[in-house]
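Residue numbers (this note's numbering): 73 to 219.
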Amino acid sequence: MAMSTIIDIADAVAASLNAPGEPGFSQAFNAARKALPAFDLADLAGLHVTVVPKGVEVTGATRSLSQHDHQIDVGVQKKLTTDMDTETATMLGLVDEIAAFLRRRPLAGVPGAAWVRSVNEPVYSPEHLAEKRLFTSVLTVTYRLMK
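Here's what the structure looks like:
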């Protein structure tokens, strides 16, 4: 059996977010795993949810096992058009929905991967809002595997 990699985990996160019938997010999107989440501003007129492998931390757990903490970034981006305060609040609601959905949810195809934590700090990029009217939020989700 092949060991799961951070790419496998990122793919499983994207697949989980895209699963049919799941979970009824307030806004429709298609999450995509990307190696490099670079988009032209014109491409961000619609909602983009991008899943990107971020990092792996390995520590000793027992004499025979190591703890592998895989960090996955889930980026949520959309160019804002009208009322920045209202649209930002709406987008933050979607980020909260994604965080709640992923919390403690097993990942299909990655046996043994356990959700550990989610961090959304800062909750959005003020620079992107000020310079580009672009809502950008990154939720970092950590999954643990024992190997």
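Every residue, glycine too, gets a C-beta built ideally from N, C-alpha and C.
Note to self: For L217, tell me which candidate among T158, R205, G181 and A114 has the shortest Cα-Cα distance.
What the structure shows: The candidate whose alpha carbon is nearest that of L217 is G181.
Notebook entry, point to check: Which runs of the beta strand (DSSP E) spanning at least 3 residues fall entirely within the segment 151-179, listed in chain order?
Noted result: With a minimum length of 3 residues, no continuous beta strand (DSSP E) run stays inside the segment 151-179.
Checklist line | Host beta strand (DSSP E) of V221 (start-end) | finding: Since the displayed the chain opens at 73 and closes at 219, residue 221 lies outside it and no answer follows.
Next item on the list: Using DSSP bridges, identify the partner residues of V146.
Entry: In the DSSP assignment, V146 forms a beta bridge with V123 and L211.
Notebook entry, point to check: Around the Cβ of T154, are there at least 16 other Cβ atoms within 10 angstroms (buried) or fewer (exposed)?
Noted result: Counting Cβ neighbours within 10 Å, T154 comes out exposed, since fewer than 16 surround it.
Check: If we call anything under 8 angstroms between Cβ atoms a contact, is I144 one with I79?
Finding: Contact: no.
Next item on the list: Note the first and the last residue of the continuous beta strand (DSSP E) segment covering A186.
Entry: That run of the beta strand (DSSP E) goes A186 to V191.
Next item on the list: Grab the span of the alpha helix (DSSP H) containing K204 for me, first residue to last.
Entry: Unbroken alpha helix (DSSP H) run through K204: P198 to K204.
Next item on the list: Give the secondary structure of A107 by DSSP, where H, G and I count as helix, E and B as strand, and everything else as coil.
Entry: A107 carries a coil assignment under DSSP once its states are collapsed to helix, strand and coil.
Next item on the list: Would you list the residues sitting across from D112 in a DSSP beta bridge?
Entry: Answer is none; D112 lacks a bridge partner.
Check: How would you call L166, buried or exposed, if buried means at least 16 neighbouring beta carbons within 10 angstroms?
Finding: Burial check for L166: the Cβ neighbour count within 10 Å reaches 16 or more, so the residue is buried.
Note to self: Give me, in chain order, the residues of the same chain whose beta-carbon lies closer than 6 angstroms to that of H142; leave out the 5 immediate sequence neighbours on both sides.
What the structure shows: Excluding five sequence positions before and after H142, the CB atoms of its chain that fall closer than 6 angstroms to its own CB belong to I78, I81, V128 and Y215, given in chain order.
Check: Under three-state DSSP, which class holds A87?
Finding: Assignment of A87 by DSSP, reduced to helix, strand and coil, places it in the helix class.
Next item on the list: For the segment 182-194 and the segment 102-118, state whether three or more C-beta atom pairs, one from each stretch, are separated by less than 8 angstroms.
Entry: Contact between the segment 182-194 and the segment 102-118 is absent, because fewer than three Cβ pairs lie under 8 angstroms.
Notebook entry, point to check: Given a threshold of 16 other Cβ atoms within 10 Å of its Cβ, counted over all protein chains shown, does G93 qualify as buried or as exposed?
Noted result: So G93 counts as exposed.
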